[in-house]
Amino acid sequence: MDKDFTSRRRRELIIAAFFAALAATVPLFVKDVYIQNIMVLTLMYAALSQAWNILSGYCGQISLGHALYFGLGAYTTALLFTKFGVLPWFGMLAGGVISAVIAMALGYPCFRLGGHYFSIATIVIAEIALVLFQNWDWAGAALGIDIPIHRDSWLTFQFTRSKLPYFYFALVLACIAWLVTWWLEDSKWGYWWRAVKDNPSAAESLGVDVFNSKMGAAAVSAFLTAIGGSFYAQFVSYIDPESVMGFQFSLLMALPAVLGGIGTLWGPVLGAVILIPLTELTRSYIGGSGRGVDLIVYGLMIVLISLARPQGLVGLFSVSKKAVSR
Amino acid sequence: MTAETIIQSLASGLLMGLLYGLIAVGLALIFGLMDVVNFAHGEFLMIAMYATFFLFAYVSIDPLLAAPLVAAGLFVFGALVYLFVVRFAVRAKANAGMVQIFSTFGLAIVMRGLAQFFFTPDYRSIAHSWLGGKTISVAGIFLPEPQLVGALVAIAAFIGLYFFIHRTDFGRALEATREDAGAVALVGIDKNRVFALGWGLGAGLVGLAGAIMAVFFYIYPDVGASFALIAYVTVALGGFGSVFGAFAGGIIVGLVEATTAMILPPSLKSVGVYAVYLLVVFIRPRGLFGSM
Amino acid sequence: MKISRRNVLLGATAAAALGPIASRADTPEVAIGVIYPLSGSSAQIGVDAQKAFETAAEIINKDYDFKLPLAKGEGLPGLGGAKIKLVFADHQADPQKGRAETERLITQEKVCAVVGTYQSAVAVTVSQTCERYQIPFLSADNSSPSLHRRGLKYYFRASPHDEMFSKAMFDFFDALRKKGQKIETLSLFHEDTIFGTDSANAQSKLATERGYKIVSDIKYRANSPSLTAEVQQLKAADADVLMPSSYTTDAILLVKTMAELGYRPKNIMAQDAGFSEKALYDAVGDKLEGVISRGSFSLDLAEKRPMVGMINEMYKAKSGKDFNDYTSRQFMGLILMAEAINRAKSTDGDKIREALAATDIPGDVTIMPWMRVKYDEMGQNNDADPVLLQYLGGKFVTIAPQRVAVSEAVWPMPSK
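Quick mapping for you: the protein sequence lines, in order, are chains A, B and C. Under the working numbering, the first residue of the first sequence is numbered 1, with each subsequent residue one higher. Under the working numbering, the first residue of the second sequence is numbered 1, with each subsequent residue one higher. Under the working numbering, the first residue of the third sequence is numbered 1, with each subsequent residue one higher.
Following this line, the structure appears as structure tokens:
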């Protein structure tokens, strides 16, 4: 079994490398900035959902408040840059670290809560942060932060027209999130989480340190989410509380993983690749009618996928994979 | 701040709180029955408000008279949602929790889209109804009639629900099903029928709340969103599944909201409610009245 | 000229390929992007806007005898009679989506200009994107004063911003004071997004400068389930004037809650938004007799300029509503943009920008009560005089400024 496991993992890595390489070449053929924009968002959501999946999928703590970490990342970068001239690359790290620390501080009381109580606590905490930012004058309050654009530069991570730098950054971020997940699957934590998810009390009695492993998951997940937020701030170059900390972001981060396959390595990627282009295209090409048809299509799709493939779309592929491994 | 303002705030908070309780109780009932959080709860409220509006606008039925009709309509709607959506969601073998959350969430988006499609995004409201804009004034304290009636309906609904669950056959079937769905099947109770009726009842209660809300609130496709989060917090605060908890939770949320607005800038009043929720669950991880 | 020639070519090719079906494509088209919230919680605004823009496009594209730029004759004479084609996009009130849609409009739909956006937060990213692509952006109805102060070259706004609006209100107060009315205290009531915040900032600044006392400054969360606590504080303060900055939903709830709590403000001076929406007056119009709202449009201008009434009828036929403060500005926004494109004789972004910058149109050939349209170096039209409208006997009448007023203000507001 061990040998099977090792070879499966190596195969996953090769497949991932193949897809990453493939994705990297796409912009060579696709020059349309609108499509490139969709690709950037797809990769960003793949990364965010992968990060969410670490805490919620693998560790089983369903968070519906990840917008908090996303927003913290975005705000840290934007504030450090506009107020103190700190380059976004450092802001990104700072945002990640702040988020990870806050995630652990919040995890301390919250991880005692079960199921829905935990999920609602995460929603409520993110909402509190949103309202506070909305009222925090120094951080721009409702006016938000407009990141002035001067000229293309990797140093300030600003590009006026080209989407390519953002695309490659998002690709790298998605790859890192994937690799972290891949690595965690086979780590001590990974085993612990599986044990905790299957049966928390039994795991505890076997000496698994449930609490610390949850804290670890929260920190890693928040760190990666905050990097995504920093990226978003640079990408959009304007942030306001509602657009980076709103509840809808928490759901948007969870959706790809849920539809693709929660707690799986490929679920978030697959979910994002299907969901994000569909959301964008329906809005752009049928949303202009002003009659809400895009919402109907989008909502129906969520209902149908979650009912028809409760284990996620990734299940569609696993059958053939099993056949191969046999 | 005078004593009068404080009493007025608390009185308004109490009335609003009872209404929150009425909005949330359906959610608590459904959760207690089958461990499902209905993420389309706010949209149920929206549909009820539209139903009340159209009954008023086209058939001139006053919202007060329309309330039972709307509740009945929502009952059917809730049962249908169970039979056509939720039934399949709870059947899911893998990660049923997420499937439930997201199938009802998807449903919520569809309902908003449909409302925009059929009713247009225009803001509607009922201009002249029996209760609308009327107020009772007691010693300088104003008690708006719509909210007052809403509060009375909420209390009546809670009492009715209490007797219903404890004194009727169906209520007992509900209780039994929630305790052990497998065992009731053995004694010949059709689980699906009980669940469908439970969803109907939960939706019917929102229907009641929606009919009263329509008197003093505006109506548009996204109106449910304003109330959904409050309803979840109310239910969780009281303890998931506890009907009495939703009642108590509603009152607490209403009062905390009113009190926070007296102490902090009003834009932070929801923060007070959220903070109280966190405080309660940190001390009692299953809410005030949730089973331990 | 380059692009227009390509358009002609494209049109010709398409016509050749599709035959009679595409006969429309015979005349060249000028695509203008129109970006609004068409779904989500402010979809109503977007849907009404769509109708206003369609009315404007119809007037440009067909022959009408109005004293309005481009009304006479079909299409844009400067571009060989080219027709205006509107491309609508939905930003769902999200700055990121606004940016992405603007990019799509510019790169895929090849629009030569963009008009938008209702929400100021979205206007930030839309105008920034236009700047990057050197495509002019006309902010039809955003009123946040920060928008034109960001040093953007391609940003234009013909209508007033919140500081101008608020100044008009305080000018009006000052005038009343001179006449011996007692106006000492003010209550501000504003929502917590960019619109309410900007508006309240402008108002508190003016209040301090001109010696009015703000007795309560209430910021509330937009779309709150209840405004009871907020109204109690307003009632306790009972200022001489209540100055709300609220969108429609909150405005309806505010007025209903005030009535329920027995609070009748001595006077209401509203910062437009919800207070110019028909939905509010349908709901609670009877409680609003005498309310004053700032605006940039007033229907009673039709008495002096008959075309205002006729154009309003055209819009009404499409939407079932009269022009309001938003839809009139949207309508005018497209006319002004098209007028500049026509003068530029080109669909090149820079040329249109130059034409916009050179705009100088007297106010009486618009449907607005403005002095004229002439943009300053930041793209702001400072001659767009705001008006104050009072809701009397079921409709709005203009009460200030003197130049366009049709009746005296009823002050204090009638108490029933």
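The C-beta atom is built at its ideal place from N, Cα and C for all residues, glycine as well. Note that the structure is predicted; figures quoted are calculated from it, not measured.
- Here the alpha carbons of C/I399 and C/G196 stand approximately 24 Å from one another.
- Between A/V124 and B/L278, the C-beta spacing is below 9 Å.
- Only T120, P121, D122, Y123, R124, S125, I126, A127, H128, G132, G133, K134, T135 and S137 from the stretch 119–139 of chain B bring a Cβ to less than 9 Å from some Cβ of chain C.
- Using a CB distance cut-off of 9 Å, A/E127 counts as an interface residue toward chain B.
- Bridge pairing for C/F156: C/L138 [DSSP].
- By the Cβ rule, the stretch 210–220 of chain B counts as touching the stretch 245–258 of chain C, because three or more pairs are nearer than 8 Å.
- Taking a contact to require three or more Cβ pairs closer than 8 Å, the stretch 260–279 of chain B and the stretch 31–42 of chain B do not qualify as touching.
- At a cut-off of 9 Å between beta-carbon atoms, B/P144 makes contact with chain C.
- For A/G144, at least one C-beta of chain C is nearer than 9 Å to its own C-beta.
- Not flagged as an interface residue toward chain A: C/E54, since no C-beta distance is shorter than 9 Å.
- Taking a 10 Å sphere around the C-beta of A/R112, we find fewer than 16 other C-beta atoms and assign the residue as exposed.
- Scanning the stretch 229–258 of chain A for uninterrupted alpha helix (DSSP H) segments of 4 residues or longer gives 241–245, listed from N- to C-terminal end.
- Here A/P310 is buried, its C-beta having at least 16 other C-beta atoms within 10 Å.
- By the neighbour-count definition (other C-beta atoms within 10 Å, threshold 16), A/H66 is a buried residue.
- Secondary structure note for B/K191: its alpha helix (DSSP H) is the uninterrupted segment K191 to F216.
- Rounded to whole angstroms, the gap between the alpha carbons of B/R112 and B/Y50 is 12 Å.
- At least one CB of chain C lies nearer than 9 Å to the CB of A/T160.
- Between C/T347 and C/F88, the alpha-carbon positions lie close to 18 Å from each other.
- In the DSSP assignment, C/Y220 falls within the unbroken beta strand (DSSP E) covering K213 to Y220.
- One alpha carbon belongs to C/L147, the other to C/A239, and they sit about 31 Å apart.
- Taken in chain order, the complete beta strand (DSSP E) segments of 3 or more residues contained in the stretch 80–152 of chain B are 135–138 and 141–144.
- One finds D222 in chain B with Cβ atoms closer than 7 Å to the Cβ of C/S41, taken in chain order.
- Contact of B/Y274 with chain A by beta-carbon distance below 8 Å involves V124, I125, E127 and I128.
- Cβ contact annotation for B/P146 (same chain, cutoff 7 Å, sequence separation greater than five): L131, G132, I212, V215 and F216, in chain order.
- Our two residues, A/P165 and B/F31, have alpha carbons roughly 47 Å apart in a direct line.
- DSSP places C/Q271 in no beta strand (DSSP E); its state is neither H nor E.
- Unbroken alpha helix (DSSP H) runs of no fewer than 4 residues, entirely contained in the stretch 93–149 of chain A, are found at 115–135, following chain order.
- Nearest in C-alpha terms to C/V404, of all of C/D162, C/D65, C/E230 and C/E303, is C/E303.
- Check the Cα spacing between C/A158 and each of C/L388, C/I367, C/K395 and C/V215: the tightest is with C/I367.
- With 16 or more other Cβ atoms inside 10 Å of its own Cβ, B/F105 counts as buried.
- Sequence-distant Cβ neighbours of B/M46 in its own chain, meaning closer than 6 Å and more than five residues away, are V223 and G224.
- No residue range can be given for C/A93, since it is assigned to no alpha helix (DSSP H) and is classified by DSSP as neither H nor E.
- Residue contact with chain B for A/I102: absent (no Cβ-Cβ distance below 9 Å to any residue of chain B).
- Residue contact check for A/H116 against chain B: a CB pair falls below 9 Å.
- Counting only runs of at least 3 residues, the stretch 282–355 of chain C fully encloses the following beta strand (DSSP E) elements, listed from N- to C-terminal order: 292–295.
- Among the residues facing chain C, A/A67 is not included, as its CB has no counterpart in that chain under 9 Å away.
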